[in-house]
């Protein structure tokens, strides 16, 4: 890749042929240098894009390529609404009926829809459940119908995420959702949802007399859209209020947060899509091999802090043969809410989670796997925290501030191997010396100058213990960095 300095040097070298311009260049005349630097900046940016494009066929790096890959797999970046248990207190003198469908407002102005009813006696309390989602609808009139007719879903105006879509015809009959037209009869009223390479979302219909239902010109369809704010945090005891009061009795009822039953999720982040792009596209919806079960769970639960999925073969490599392992899949995970059990590594200790101790996320993961292939039994293990100890000793020139270099080293290692890094979110993460050296040399140019030096020591885990549920990561407590300054003699002329 050609840098800006490389191009400026090439431009100024060519000026030797023009005596008048040579004089301007010698005194750094801004009328000449601004044009040269502008061209050098533009061409260096183009050079960077060309080099990235040359590697794109081997490793997906650009956001546009990642989004195009998601389009080919049929991944739609949607959110999942939170579901909460809400305490209802009746301060009135008569029974109060909480009806489903009523909308509540939380302290941040987000709307919640009540989904379970309750009758609250005077001076008593009861519980209802509510989902943090709102719905909107619009009518679409079919014009110039064609096979696999598509209807664009408008983007949100308030920053909320798409979490559901429904389609009705003019007689109020529901269309059924089918993923990629699987098991669809001709003229059956179904719809498919897809997103393009820019993540614009569409409802796609069928092909008349071939697969699905193709609407006629002039037909009116009603599209219902559900949106949510995804991963939100509400403290226990936070108040709620009705969006609108319908009767005076509404003012005599108090609502407050009791507990979060199902945590919301934001759409799949770009870092997760980049991770999923490494999987073979042809098996993205076919959970047959180990990699596809791992992909299946990551696709449906993109916000997990940690996930490791392994099969009978890997389990018996780690803990030996056992008839209980036949036809089993094993999962260790930690949700974004962090409600699952985790343990600290100690002499290779592991803990299998009993059926009665499974969280809502773990049960949902098991249901997802069983929907893909119900011949497997799914067993859960607690993630084992294994901090990786890294000691870094560096020597840099006195031209650099040692404390700043230390902060850069810490930042680079935590970004690459920290608890929230992509590599650490998988079981049995390995930190290799050669990778650490390459990382620090690339991120911190001061470590590559003259006679500067660096030494690295990695410890903290036993390579002989290869339990798939080990969550290996680097944190601030396991990272020791010391940087000293020295008068380093430059090999250049001075």
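Residue numbers (my numbering): 197 to 690. Glycine is no exception: its CB is placed at the ideal position from the N, C-alpha and C atoms.
Would you say residue i reaches chain B, if we count a Cβ-Cβ gap shorter than 8 Å as a contact?
{"i": "residue 313", "result": "The chain labelled as chain B is not found in the depicted structure, where only one protein chain is given."}
Would the beta-carbon of residue i fall within 8 Å of that of residue j?
{"i": "residue 389", "j": "residue 373", "result": "yes"}
{"i": "residue 286", "j": "residue 449", "result": "yes"}
{"i": "residue 274", "j": "residue 457", "result": "no"}
{"i": "residue 648", "j": "residue 591", "result": "yes"}
{"i": "residue 624", "j": "residue 662", "result": "yes"}
{"i": "residue 512", "j": "residue 526", "result": "no"}
{"i": "residue 409", "j": "residue 432", "result": "no"}
{"i": "residue 489", "j": "residue 505", "result": "yes"}
{"i": "residue 606", "j": "residue 633", "result": "no"}
{"i": "residue 311", "j": "residue 325", "result": "yes"}
{"i": "residue 640", "j": "residue 604", "result": "yes"}
{"i": "residue 217", "j": "residue 203", "result": "no"}
{"i": "residue 546", "j": "residue 580", "result": "yes"}
{"i": "residue 146", "j": "residue 360", "result": "Outside the displayed span of the chain (197 to 690) sits residue 146, for which this structure offers no information."}
Return the bridge partner residues of residue i from the DSSP annotation.
{"i": "residue 524", "result": "573"}
{"i": "residue 452", "result": "283, 435"}
{"i": "residue 589", "result": "651, 678"}
{"i": "residue 370", "result": "364"}
{"i": "residue 553", "result": "None; residue 553 has no bridge partner."}
{"i": "residue 301", "result": "307, 437"}
{"i": "residue 418", "result": "335, 364"}
{"i": "residue 503", "result": "529"}
{"i": "residue 273", "result": "Looking at the DSSP assignment, residue 273 forms no beta bridge with any residue, so it has no partner."}
{"i": "residue 548", "result": "577"}
Alpha carbon to alpha carbon, what distance is there between residue j and residue i?
{"i": "residue 290", "j": "residue 424", "result": "34 Å"}
{"i": "residue 381", "j": "residue 335", "result": "26 Å"}
{"i": "residue 578", "j": "residue 452", "result": "33 Å"}
{"i": "residue 418", "j": "residue 338", "result": "11 Å"}
{"i": "residue 514", "j": "residue 621", "result": "19 Å"}
{"i": "residue 436", "j": "residue 499", "result": "27 Å"}
{"i": "residue 348", "j": "residue 468", "result": "25 Å"}
{"i": "residue 207", "j": "residue 238", "result": "13 Å"}
{"i": "residue 670", "j": "residue 235", "result": "43 Å"}
{"i": "residue 680", "j": "residue 657", "result": "28 Å"}
{"i": "residue 200", "j": "residue 668", "result": "40 Å"}
{"i": "residue 328", "j": "residue 306", "result": "7 Å"}
{"i": "residue 521", "j": "residue 508", "result": "6 Å"}
{"i": "residue 650", "j": "residue 677", "result": "11 Å"}
{"i": "residue 441", "j": "residue 569", "result": "48 Å"}
{"i": "residue 391", "j": "residue 595", "result": "52 Å"}
{"i": "residue 266", "j": "residue 345", "result": "21 Å"}
{"i": "residue 588", "j": "residue 496", "result": "38 Å"}
{"i": "residue 405", "j": "residue 379", "result": "14 Å"}
{"i": "residue 284", "j": "residue 321", "result": "5 Å"}
{"i": "residue 302", "j": "residue 459", "result": "16 Å"}
{"i": "residue 416", "j": "residue 383", "result": "17 Å"}
{"i": "residue 682", "j": "residue 593", "result": "5 Å"}
{"i": "residue 575", "j": "residue 535", "result": "17 Å"}
{"i": "residue 690", "j": "residue 209", "result": "Residue placement at residue 690 is flagged as unreliable, the pLDDT there being 45, under the threshold of 50; the coordinate-derived value follows with that caveat. Approximately 23 Å between the Cα atoms of the pair."}
{"i": "residue 610", "j": "residue 643", "result": "18 Å"}
{"i": "residue 478", "j": "residue 269", "result": "In this prediction, residue 478 scores a pLDDT of 45, lower than 50, which makes its location untrustworthy; the coordinate-derived value is nonetheless stated afterwards. Roughly 8 Å separates the two Cα atoms."}
{"i": "residue 480", "j": "residue 402", "result": "Note that residue 480 scores 45 on pLDDT, short of 50, meaning its location in the model is unreliable and no value can be drawn from it."}
{"i": "residue 537", "j": "residue 434", "result": "26 Å"}
{"i": "residue 375", "j": "residue 672", "result": "45 Å"}
{"i": "residue 446", "j": "residue 308", "result": "16 Å"}
{"i": "residue 371", "j": "residue 430", "result": "35 Å"}
{"i": "residue 365", "j": "residue 387", "result": "12 Å"}
{"i": "residue 485", "j": "residue 395", "result": "Because residue 485 sits at a pLDDT of 48, beneath the cut-off of 50, its placement in the model cannot be relied upon, and the following sentence gives the value as read from the coordinates. Roughly 28 Å separates the two Cα atoms."}
{"i": "residue 343", "j": "residue 414", "result": "15 Å"}
{"i": "residue 553", "j": "residue 559", "result": "10 Å"}
{"i": "residue 215", "j": "residue 241", "result": "30 Å"}
Out of the options, which one is the CA nearest neighbour of residue i?
{"i": "residue 277", "options": "674, 330, 385", "result": "330"}
{"i": "residue 540", "options": "472, 433, 665", "result": "665"}
{"i": "residue 628", "options": "585, 311, 615", "result": "585"}
{"i": "residue 529", "options": "630, 294, 246, 502", "result": "502"}
{"i": "residue 340", "options": "300, 412, 321", "result": "412"}
{"i": "residue 532", "options": "399, 556, 549", "result": "556"}
{"i": "residue 246", "options": "446, 368, 197, 600", "result": "197"}
{"i": "residue 333", "options": "342, 322, 350", "result": "350"}
{"i": "residue 393", "options": "309, 383, 261", "result": "261"}
{"i": "residue 492", "options": "222, 561, 537, 519", "result": "561"}
{"i": "residue 297", "options": "288, 369, 314", "result": "314"}
{"i": "residue 638", "options": "426, 602, 608", "result": "608"}
{"i": "residue 304", "options": "602, 444, 230, 428", "result": "428"}
{"i": "residue 582", "options": "674, 517, 550, 551", "result": "674"}
Completely contained alpha helix (DSSP H) runs for the segment 321-349, where each covers 4 or more residues: none
Alpha helix (DSSP H) segments (min. 4 residues) lying fully within the segment 592-642: 598-613, 629-639, all fully within the segment 592-642.
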